[in-house]
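Heads up: the sequence shown begins at 1 in my numbering, then just goes up one per residue. Since the structure comes first, as structure tokens, the remarks are kept for the end.
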Amino acid sequence: MSGRPLPRQFYGAPTLRVARALLGKVLAHDTPEGRTAGRIVEVEAYRGPTDRAAHSYGGHRSARNEVMYGPPGRAYVYFIYGMHHCVNIVTRPARVPEAVLLRALEPVTGEALMRRRRGLEEAPAWRLCRGPGALCQALGITRADNGADLVRGRLRILDAPAVPSRRVLRTPRIGVDYAGPDAARPWRFVVRTSRAVSGRRRP
């Protein structure tokens with residue numbers, strides 16, 4: 001991988017713009033076990049205090065989501081259902097608590113390590129990082145990475161060619177039926193040709 005880490009200003013842009021632009025970029029993680037990386041093919045935008053699906057809806061602020069209120073370009077990692085980690089990318093300037101959830105990757109580097117972590121020695125490669133919990137397990141991302149600097153740290157996003165608009169699909173987000181009218185907003189972006197995309201593919 002020869003791409004450079006995305007600059008801080010990339011993440012400070014409006015969240016929907018960042019979400020769309022993340023498609024095709026490469027999430028990389030260096031650990032003592034080795035390097036793993038995958039191309040981003042599915043994301044969801046969460047737009048802060050006015051978005052009923054966001055952890056910061058209504059200005060909610062806690063130890064769990066404090067990273068969302070900090071500077072852009074940091075990882076917001078949380079644990080759900082007592083089983084899975086999810087990694088989000090903090091966007092917008094400090095004190096504007098918005099983020100983009102990474103939902104799926106296509107493996108680029110470290111596939112053998114991903115397989116060991118997932119316990120999927122025989123599965124097709126596209127299954128390894130299909131879903132937010134799966135991609136965190138495959139790349140070894142945990143709560144220890146919460147707040148990680150994606151510009152200078154061992155967890156980072158590398159620049160790569162943009163995905164053409166004809167290959168991008170927008171749909172409502174997955175699993176946010178509780179969010180009332182915000183559940184219908186088309187804030188999920190996917191690479192329509194990727195088998196690694198999780199959940200539903202159509203609006």
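Just so you know, even glycine gets a beta-carbon here, dropped at the ideal spot from N, CA and C. Because the structure is a prediction, the values reported are computed rather than measured.
Worksheet item: Are the CB atoms of V191 and R167 nearer to each other than 7 Å?
Response: Working through the sequence shown from its first residue, we reach residue 191 at position 191. Working through the sequence shown from its first residue, we reach residue 167 at position 167. Contact flag set, yes.
Worksheet item: For the candidate residues Y178, G119, P5, P49, whose alpha-carbon lies nearest to that of R95?
Response: Taking the first residue of the sequence shown as 1, we reach residue 95 at position 95. In terms of Cα proximity to R95, the closest of Y178, G119, P5, P49 is P49.
Practice prompt. Answer yes or no: do L150 and R156 have a C-beta to C-beta separation smaller than 7 Å?
Written response: Stepping through the sequence shown from its first residue, residue 150 is reached at position 150. Stepping through the sequence shown from its first residue, residue 156 is reached at position 156. Contact flag set, yes.
Fill in: Helix, strand or coil at R201 according to DSSP, with G and I counted as helix
Along the sequence shown, read from residue 1 onward, the residue named residue 201 stands at position 201. In this predicted model, R201 has a pLDDT of only 44, less than 50, meaning its place in the structure is not dependable; the value taken from the coordinates is given anyway. It is coil, neither helix nor strand.
Worksheet item: Any idea what DSSP makes of Y46, helix, strand or coil?
Response: To locate residue 46, count along the sequence shown from 1; it is residue 46. The answer is strand: DSSP assigns Y46 an E or B state.
Item to complete: Could you name the residues of the same chain whose beta carbon sits closer than 7 Å to that of R195, not counting the 5 residues immediately before and after it, in chain order?
Response: Within the sequence shown, the letter at position 195 stands for residue 195. Within the same chain, R195 has close Cβ partners W126.
Worksheet item: Tell me which same chain residues have a C-beta within less than 7 Å of the C-beta of I80, skipping the five on either side of it?
Response: Start at 1 with the first residue of the sequence shown, and residue 80 comes out as number 80. For I80, where only same-chain residues beyond five positions count, the Cβ hits under 7 Å are C86.
Fill in: Alpha-carbon spacing of P203 relative to P72, whole angstroms
Looking up residue 203 in the sequence shown gives position 203. Looking up residue 72 in the sequence shown gives position 72. Unreliable placement is indicated for P203, whose pLDDT of 37 sits below 50; the coordinate value is still reported in the next sentence. Each residue's alpha carbon lies about 29 Å from the other.
Worksheet entry | Spatial neighbours of L139 in its chain, beta-carbon cut-off 6 Å, leaving aside the 5 residues before and after | Walking along the sequence shown from the start, residue 139 turns up at place 139. These residues qualify, in order along the chain: H29, T36.
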